[in-house]
């Protein structure tokens with residue numbers, strides 16, 4: 001049997017079952033009205049009965065209060081019952097009254113209380129029979145059509161979201177290509193390589209000069225010279241590069257008095273420092289120019305980088321939404337399988353989707 005045919009057949013059976021259930025409700029509701037009138041009559045009778053004269057005054061007071069509470073609570077509970085479904089909701093309250101009345105009340109009005117309790121017990125038994133008959137006749141609402149509709153909507157949403165993600169990914173791909181093309185056109189890779197090479201050369205040359213100069217720190221310190229350049233040099237050998245002319249003058253001054261092991265270093269500095277310092281300074285200026293050019297290229301690409309980042313963020317958000325939708329679809333598919341299995345069991349036939 002095809003699914004749509006099976007659903008139509010099940011709908012017919014449910015309508016028929018609903019009519020039969022309505023007959024059951026009418027039958028039991030009619031019986032309920034009669035039973036409720038009987039209980040209320042018993043309550044009225046209990047309320048009117050007089051307490052025997054030979055009862056202790058304290059017991060009289062207790063029974064009067066207890067009867068008033070019992071009668072009021074029971075009457076309120078019963079008067080709120082309009083049909084069998086209401087009865088089912090109030091059964092717990094009635095059960096409490098059934099067993100919770102005071103010991104003095106049952107001692108003095110045993111016949112009346114037991115009569116009421118018997119009728120309450122019959123109401124409970126009627127409800128059990130009513131419920132069982134409804135269950136036997138009733139057919140559950142198997143929400144297959146609703147599930148199929150939800151599933152269709154969900155699949156459409158998944159398809160639309162998948163298309164959106166694909167479009168965003170294509171945009172991101174193009175944006176990456178634009179960024180790469182911009183870098184290529186502006187020679188960014190070559191700039192980075194040149195900056196790296198020049199930075200390494202400057203560090204190497206500075207290290208060589210400072211290494212040579214630092215060898216003279218100890219003898220200069222021992223000489224206890226008062227010149228500012230001498231005191232500054234003792235603290236920091238890089239002053240040789242910052243103030244090469246002053247430093248060379250200092251070296252020339254101390255050269256004659258230096259030990260043999262320091263003289264070659266002093267001579268190298270006298271012969272080479274000025275040229276090395278000039279070259280390092282020129283290379284630093286060139287490095288600054290290269291870094292400025294690189295920063296200009298990067299600044300121009302920042303707008304595109306920001307757009308790419310925003311696209312990637314949107315792709316991640318949509319991917320998370322898509323994952324949730326697919327998980328929901330899996331849940332719906334399992335729910336549909338279970339619902340169709342219940343439908344097959346109810347009809348006694350296998351169903352072709």
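In full-length UniProt numbering, the protein residues as written are 1 to 353. We put the CB at the ideal spot given by N, CA and C, even for glycine.
Nearest-angstrom Cα separation, counted from residue j out to residue i
i, j, result
"residue 2", "residue 163", "33 Å"
"residue 358", "residue 188", "Absent from the model: residue 358. The displayed extent of the chain is 1 to 353, so no value can be given."
"residue 204", "residue 279", "13 Å"
"residue 311", "residue 291", "29 Å"
"residue 142", "residue 157", "25 Å"
"residue 283", "residue 198", "7 Å"
"residue 269", "residue 309", "53 Å"
"residue 54", "residue 75", "29 Å"
"residue 232", "residue 196", "31 Å"
"residue 57", "residue 18", "58 Å"
"residue 154", "residue 337", "17 Å"
"residue 4", "residue 179", "55 Å"
"residue 293", "residue 171", "28 Å"
"residue 321", "residue 161", "8 Å"
"residue 134", "residue 24", "7 Å"
"residue 59", "residue 66", "10 Å"
"residue 89", "residue 348", "35 Å"
"residue 136", "residue 22", "13 Å"
"residue 314", "residue 200", "41 Å"
"residue 257", "residue 214", "17 Å"
"residue 9", "residue 353", "15 Å"
"residue 124", "residue 44", "21 Å"
"residue 52", "residue 16", "58 Å"
"residue 323", "residue 304", "29 Å"
"residue 247", "residue 254", "11 Å"
"residue 34", "residue 27", "11 Å"
"residue 165", "residue 194", "40 Å"
"residue 297", "residue 181", "12 Å"
CB of residue i within 8 Å of CB of residue j, strictly
i, j, result
"residue 230", "residue 251", "no"
"residue 346", "residue 139", "yes"
"residue 97", "residue 73", "yes"
"residue 151", "residue 7", "no"
"residue 112", "residue 49", "yes"
"residue 42", "residue 116", "yes"
"residue 32", "residue 83", "yes"
"residue 220", "residue 241", "no"
"residue 120", "residue 39", "yes"
"residue 46", "residue 71", "yes"
"residue 144", "residue 343", "yes"
"residue 127", "residue 78", "no"
"residue 202", "residue 287", "yes"
"residue 307", "residue 175", "yes"
"residue 239", "residue 217", "no"
"residue 191", "residue 318", "no"
For residue i, the three-state DSSP class (helix, strand or coil)
i, result
"residue 359", "Since the first residue shown for the chain is 1 and the last is 353, residue 359 is missing from the structure and cannot be characterised."
"residue 326", "helix"
"residue 313", "helix"
"residue 224", "coil"
"residue 76", "helix"
"residue 53", "coil"
"residue 243", "coil"
"residue 205", "helix"
"residue 139", "coil"
"residue 335", "helix"
"residue 258", "coil"
"residue 233", "helix"
"residue 379", "For residue 379 there is no data in the structure shown, the boundaries of the chain being 1 and 353."
"residue 238", "coil"
"residue 290", "helix"
"residue 218", "helix"
One or two residues paired with residue i in a DSSP bridge
i, result
"residue 2", "352"
Outcome for residue i when other beta-carbon atoms lying within 10 angstroms are tallied against a minimum of 16
i, result
"residue 177", "exposed"
"residue 104", "buried"
"residue 276", "buried"
"residue 95", "exposed"
"residue 263", "exposed"
"residue 244", "buried"
"residue 107", "exposed"
"residue 114", "exposed"
"residue 273", "buried"
"residue 63", "buried"
"residue 228", "exposed"
"residue 212", "buried"
"residue 223", "exposed"
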